Every structure is written in C-alpha cells, then in structure tokens.
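Contents: one structure, followed by commentary.
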Amino acid sequence: MITIKSILSLLLSALIGISGWFGMTGDKATGETEYKTYKNVILMIGDGMGFNTLEATKKLKNVDLVMETMPVLSQSETRSLTNKVTDSAAGGTALACGVRTYNGAIGVYAFNPFANKWQYPISLSEYAIEQGKVAGVITTDETSGATPASFSAHAIARGEEKNISYDQMSSDLTLIWGCASESVTEEKCAENGFDYFTTATEMEALEEGSRSFGQFSWEDIAAVKSDYDTPYLADMTEKAIDLLDDDEDGFFLMVEGAHIDKFSHDNNFDGSTSHTVEFDKAIEVALEFAAQDGETLVVVTADHETGGITYDAENDEYYYTSGSHTGVNVPVFVSAADAGFIDGKAYKNCEISVQLARVMGAKEEDFPRIKL
Ligand SMILES: [Zn+2]
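First residue of the sequence shown? That's -4 in this note's numbering, and the numbers climb one at a time after it.
Okay, structure coming up:
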C-alpha cells in the first residue's frame, strides 16, 4: 500500500542519493578514532607518481628513496566523482577539500541543482588559516596549475587561469610559489601585501613575517638546471618551512612535484624519474624538519598515476603503457604511526584530506564544509 510516509521516505532517500552524487555529503575520515593532533601539516603531492614510478626511479637513477623510509604506507583510490580516471583538478580538490568532484573542478562541488548554484568547499589552507595557522603552497608547476590552485583558489574550470590567479593574489595565504602564470602581476600582488619575486636569490632574502608570491622560470625548473637563478624544489621547501614555522599556532604547507606527471605524459623516463628524485629531496627536507620539530606531520601522496608504468620481468624493464592518467591506486606515505592512517589500508583520495583536517583539530562538522 502506498502511504504518504512511504512516498516521503522514497523522496528522502532519492534526495540523499542525489546529494551524495553531487558530493554534498561529507566523506568520513579514516575511521580511526584514536589519533594525535599535530601543530603543523606538510602535504606533499607527486603529480602522476604511482608505485611503479618509484620502482622505475630506483632502477634507472640507481637511488634509494627517502619517502620509502616513512613508517606508514597506505594507498589512495584516485577516481573522481564523475570519472574512473581523475584529472589533477578533481584529484587536487579531493586532496585539498575532502570532497570528490567532477574532472576539471578547482575547489568546487559539482553543480547543486537544489540550490541552483555552484558551492565551494573550504580547502585545508583555508581551514588552517581559520585556526589561526599560516598556510603556503609551493609547486614546480605554474602557480595557477590545477594542484596548487586546488589549495588556494576556487574555479568551476581549471582553464580559468585569470580567475584562479586573481583568487590566489587575493587570498590569505602566506606564500604561493611556482612557475610564472600569465595573469599574476606585481601590482596586484602588492595590493594584497604579497612581495612579488622571480629568482632564488630573492627567495633566500625573504624575511620572516613577509608574505610572498614567487614566479619562477618554467624552462629552468623543467630542466632541473643549477646554473640559473631558479630554486630547486628542495630549496623552496626549506625556505618555505623557515618562513612559516614561527607562527605559534602552526602551519599548513602543500608541496607539489609537478613534472613527474608532465614527463610521464610524454613517456619520458629520464624526465619523470629525475623529477621524482627532485621531489624526494624535498621530502627529505620536510622529514628532517619534522624529526627535529616533533609537532609536524608529513604526508606524501599523488593525485593519480600517469603513464601506466608496467614492469616486464623477462627483460627486467619498466615501460609506459599509456600517455595519460590511469586509475590505479597510488602510495600514501605518512611520517608518523599515530596520525590515524592505517598501514596497508586503501583510502578514498578525499578521506586523506579529511584526516589531515582532523589531525589539525577539525571536528566532523568543520571539514569538509561549504565555504560561506
Ligand atoms: Zn597529467
């Protein structure tokens, strides 16, 4: 028999189902109830860095990777709300805002037909700043690239470079550094109190208490050059920590190694593994700081794998099977066993940022949350 009650409950479950699909309901944290809170969190994202990227790097560059010494190794399931294979925008948004969204989205939920609008989830940077901490984003990509943008801007499409750069230049972050983006201007940066700079020398001269917007040479960073006045990612990481670590409430820092992905798209092992080594050097800097500081959690992961790297045992060789992103799980290395991440467990990508917010003290209602 059809009763009003049954119609109502049907409607309600349909609503919950639809709102879930549109990413409007929060994803649970890792499920661990016992975990320590940390004053500082450093999230490091190797764009396109899968398990076999690490294996190929060790073999081809004949190195050990510092990230593999971290005590906890979990996994991230990287899909987006709309696609089995994510792009860096939806992947970055999941890692920044604790929600899965559509490919191409920068820090926005999927369109909400009930509110008839786009709604923005707050990012870990915004959450940290709300808590009185300071926040920074550093990358080897352009500053308006999808990954750094997810932690410092909101836009309905990753191609909205102008809007993304404008958001970043108007943001409350303490530092945003990466390769030069078209719409970033010294004048607009200065309006919001950012010191605009372009070289490693200027970066090293930055003083504590300053806010800064770094715009480096793409060619130098892509080529990992040492003879130009452009910083390596490890130097950027060291200086960024040095500038952020005086805040008594702590800091949140996102560090991205972007060219692992870019060279993997070209199936260029030399480039992708060189940049994995560069990224690993930055991780070493972060771990050294965390070890002496004692109040800092470092998490290393990727937004997705790129290139479908496979191992052929017969020829003892790694090779690419794709020129784009794949849907395989990627590593999540955690610097401490008491941060709520379970060794060996696979998490949804969005659960990682939810747990990082928890580690910074967030209650369930605090994160993920719509930005008002
Ligand atoms: Zn890519």
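Each residue gets a CB set at the ideal place from its N, CA and C atoms; glycine is no exception. If you're wondering where the values come from, they're calculated on a predicted model, not measured in any experiment.
Residue interval of the alpha helix (DSSP H) (run including residue i)
i: Ser178; result: No alpha helix (DSSP H) holds Ser178; DSSP gives it neither H nor E.
i: Met231; result: 228 to 239
i: Val272; result: 264 to 288
i: Leu55; result: 46 to 56
i: Met198; result: 195 to 200
i: Pro143; result: 141 to 145
Close Cβ partners of residue i (< 8 Å) along its chain, the five nearest in sequence each way excluded
i: Ala332; result: Pro66, Val67, Asp338
i: Val354; result: Tyr30, Lys31, Thr32, Tyr33, Val36, Leu292, Ala334, Gly335
i: Thr321; result: Gly45, Val80, His299, Glu300, Thr301, Gly302, Gly303
i: Asp22; result: Since pLDDT at Asp22 reaches only 44, below the 50 mark, its modelled position is unreliable, and no value is offered.
Cβ-based burial, residue i [other Cβ within 10 Å; buried from 16]
i: Lys31; result: exposed
i: Gln163; result: buried
i: Lys234; result: buried
i: Ile365; result: exposed
i: Gly318; result: exposed
i: Leu60; result: buried
i: Thr232; result: buried
i: Glu156; result: buried
i: Glu312; result: exposed
i: Leu10; result: Only weak support is given to the placement of Leu10: the predicted model assigns it a pLDDT of 45, under 50, and the value that follows is read from those uncertain coordinates. So Leu10 counts as exposed.
i: Lys257; result: buried
i: Leu367; result: exposed
i: Gly18; result: Confidence in Gly18 is poor, its pLDDT being 43 and thus under 50, which makes the residue's placement unreliable; the coordinate value appears in the next sentence. With 16 or more other Cβ atoms within 10 Å, it is buried.
i: Asp307; result: exposed
i: Thr52; result: buried
i: Glu359; result: exposed
6 Å Cβ shell around residue i - same chain, five flanking residues per side excluded
i: Met44; result: Ile255, Ala297
i: Ser145; result: Gly87, Thr88, Ala91, Ile101, Gly102
i: Arg153; result: Ala84, Gly99, Ile101, Ala141
i: Val129; result: Thr169, Leu239, Asp242, Phe246
i: Ser259; result: Gly43, Ser267, Thr301, Gly302
i: Asn158; result: Ala150
i: Lys276; result: Ala229
i: Trp16; result: Bear in mind that the predicted position of Trp16 carries a pLDDT of just 43, short of 50, making it unreliable; the figure below should be weighed with that in mind. So no residue of the chain qualifies.
i: Tyr191; result: Glu181, Cys184, Phe208
i: Lys56; result: Thr268, Val272
i: Ser212; result: Thr225
i: Val132; result: Pro143, Phe146, Ser147, Ile171, Met249
i: Ile124; result: Ala130, Asp167
i: Ala285; result: Thr291, Val293, Ser330
Residue nearest to residue i in terms of C-alpha spacing, selected from the options
i: Thr134; options: Gln210, Asp167, Glu359, Val103; result: Gln210
i: Trp172; options: Ile40, Leu201, Ile159, Thr138; result: Thr138
i: Phe328; options: Asn57, Gln70, Ala105, Ser317; result: Gln70
i: Leu170; options: Ala218, Glu283, Glu309, Glu203; result: Glu203
i: Glu72; options: Ile347, Thr64, Glu360, Gly318; result: Ile347
i: Lys112; options: Ser118, Leu119, Tyr104; result: Tyr104
i: Leu228; options: Met249, Tyr161, Leu239, Thr77; result: Met249
i: Ser118; options: Val94, Tyr342, Phe109; result: Val94
i: Met62; options: Glu279, Glu251, Ala175; result: Glu279
i: Asn344; options: Val294, Thr193, Thr180; result: Val294
i: Arg206; options: Ser212, Asp167, Glu214; result: Asp167
i: Ile40; options: Glu312, Glu290, Phe274; result: Phe274
i: Tyr342; options: Ala308, Lys53, Pro363, Asn324; result: Asn324
i: Asn47; options: Lys257, Leu38, Thr305; result: Thr305
i: Gln287; options: Ser330, Val179, Pro116, Leu367; result: Ser330
i: Leu38; options: Ser120, Asp307, Glu359; result: Ser120
i: Val219; options: Thr64, Ala308, His270, Ala285; result: His270
i: Gly127; options: Gly289, Asn310, Asp244, Glu251; result: Asp244
Opening and closing residue of the beta strand (DSSP E) in which residue i lies
i: Arg206; result: 206 to 211
i: Ile37; result: 35 to 41
i: Val349; result: Val349 -> not in any beta strand (DSSP E); alpha helix (DSSP H) instead, spanning 344 to 354.
i: Gly173; result: 170 to 174
i: Ile159; result: Taken as a continuous stretch (DSSP letters only), Ile159 belongs to no beta strand (DSSP E), being part of the alpha helix (DSSP H) at 156 to 164.
i: Phe246; result: 246 to 252
i: Glu312; result: 312 to 314
i: Ser71; result: 67 to 72
i: Ala130; result: 129 to 137
i: Thr296; result: 291 to 296
i: Tyr191; result: 189 to 192
i: Phe387; result: No answer is possible for residue 387: it lies beyond the span of the chain, which begins at -4 and ends at 367.
i: Tyr30; result: Counting along the chain, Tyr30 falls outside any beta strand (DSSP E), and DSSP gives it neither H nor E.
i: Tyr306; result: 305 to 307
Chain-order list of residues whose beta-carbon lies under 7 Å from that of residue i (same chain, five-residue window excluded)
i: Ala374; result: Here the chain has residues from -4 to 367 only, and residue 374 is not among them.
i: Ala357; result: Tyr122
i: Tyr97; result: Ser75, Leu76, Thr77, Ala85, Ala105
i: Ala253; result: Asp42, Thr134, Thr135, Asp136, Gly140, Thr142
i: Ile216; result: Thr135, Cys174, Thr225
i: Asn262; result: Gly302, Tyr315, Gly318
i: Phe109; result: none
i: Asp265; result: none
i: Asn187; result: Met164, Ser165
Check your understanding: What are the start and end residues of each continuous beta strand (DSSP E) run of 3 or more residues lying completely inside the segment 79 to 121, in chain order?
Key -> None, since the segment 79 to 121 contains no complete beta strand (DSSP E) of that length.
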